[in-house]
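If you read the protein sequences in the order shown, they are chains A and V.
Here the working numbering is used: the first residue of the first sequence is 6, the next is one more, and so on.
Here the working numbering is used: the first residue of the second sequence is -3, the next is one more, and so on.
Below is one structure; the comments refer to it alone.
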Amino acid sequence: MDCTGDEKRIRALFSELACEDQNRTPQFQNLWRSAAANRNAAAGRVGLLAAVIAFAVIVAVFWIGLWSKYRSTQPLPRREAYLVTTPAPPVIPASPAPAEQQVVRNRSHSHKRLTRRRTIEPAISTDAALLSSWQSPTAAFLESPAQSAFNSLPQLNQSVEDLRSFLPQKTLKESNQ
Amino acid sequence: MEISELKAELERLHHASFGWALSCCRHDHAEAEEVLQTVYLKILQGKAVYRNEASLKTWLFAVIRNTAISERRKHVLRALKLIPRSGNPEWREPDAELERSEMQQRFQQALARLPARQSETLHLVFYQELSLSEAAQVMNISIGSARRHYERGKKRLREALDEAGVDYGLHWRRKENSGAVL
């Protein structure tokens, strides 16, 4: 009985609360129109954001294509320029990194690059000639008195002639007779 | 369900939806209105889709509850600044019915002292006239849990009403039968 009475009491209080809330409820059409307006505004913002992102992607792809094309069109003299900047031959392989970075940094200055290339080309040919005529300082140790014999073809009867030089004069006269 | 049919059903349930939103928002009128508008926006955007898995009312109330929880998380600082009582002075009852409003204020204060799950269960059963199984679906809990919250909520509410001196029995009889001798 108490439970039933309590439930009735609670239900009555809630019913009164429902009546009060009904008087305070905003109009459905107002809320629905506001929601529809917010949806259109949100759709517009999403569309604008998508357009901005697409434009940024296109610009990025364009610049990447330009950059890769620029890198591929750079000829060998760039590597030889790295060689010029280093004095000692063993150090040559290590030089490309700083020179390459320098060229990368000065990419925008095309006039300076052309001037540098013109001054480097004569020096390149001179150094190439020097390198081709370079001889080892210890090459003399590889030479021997018999090197001429190694480098020449043997002659017919050469051994006979040489042997005769070892024979005494008397023996030679007898053999000639 | 077509959007036009759904709109008609939502309009039919609008008063009940707002009452439930008020309960989820601790009877903050502005917050409840914002929550309900957000729910309608979700439905229009297709973020909340009714798939006929339960009754429309049950599904709608679940969406309202989840939206209220997420909105409360977003506006925590604003909620802390609000006055605890149901708020807007424009909605105050006229002086002639001050007694009932005061009683309702005490009743709402007693409800506010209950844990959230118990208060929600009592609201769904007594205010929205849902069954316990439907209330469990709205709150996404088992029927056993819903029954526990219901029984404990009733007991605690009765104790809170007795402490607050809400003698609704007399007032209720007077309202139903004004000529009755008490």
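Virtual Cβ for every residue (Gly too), placed ideally from N, Cα, C.
query: Measure the alpha-carbon distance for A/Gln79 versus A/Ser137 and round it to whole angstroms.; result: 26 Å
query: Can you tell me where the alpha helix (DSSP H) holding A/Thr78 begins and where it ends?; result: Phe33 to Thr78
query: With distances taken Cα to Cα, identify the nearest neighbour of V/Ile65 among V/Asn48, V/Trp55, V/Leu9 and V/Ala28.; result: V/Ala28
query: In whole angstroms, give me the CA-to-CA distance for V/Ala4 and V/Lys151.; result: 38 Å
query: At the 8 Å Cβ level, is V/Phe14 part of the contact set with chain A, yes or no?; result: yes
query: From V/Val72 to V/Asn62, what does the alpha carbon distance come to, in whole angstroms?; result: 15 Å
query: Judging by CA-CA distance, which residue of V/Arg22, V/Met135 and V/Thr34 is the nearest neighbour of V/Leu107?; result: V/Arg22
query: Does chain A have any CB closer than 8 Å to the CB of V/Glu130?; result: no
query: Under 7 Å Cβ to Cβ from V/Ser138, same chain only, skipping five residues before and after it: list those, please.; result: Ala132
query: Under 8 Å: do the stretch 52 to 59 of chain A and the stretch 142 to 162 of chain V share three or more Cβ pairs, one atom per stretch?; result: no
query: Give me the residue from V/Ser0, V/Gln104 and V/His119 with the minimum Cα distance to A/Trp37.; result: V/Ser0
query: Between V/Val134 and V/Thr54, is the Cβ-Cβ spacing less than 8 Å?; result: yes
query: Using a beta-carbon distance below 8 Å, is V/Glu95 in contact with chain A?; result: Residue confidence is low: V/Glu95 scores 47 on pLDDT, short of 50, so the model does not pin down where it sits. Its coordinate-derived value is still stated next. Not one chain A Cβ lies under 8 Å of V/Glu95.
query: Which residues, taken in chain order from the stretch 52 to 84 of chain A, show a beta carbon closer than 7 Å to some beta carbon of chain V?; result: none
query: Which chain A residues sit within Cβ distance under 9 Å of V/His145?; result: The contacting residues do not exist; V/His145 stays about 14 Å from chain A at best.
query: Do you know how far the Cα of V/Leu40 is from the Cα of V/Tyr46?; result: 12 Å
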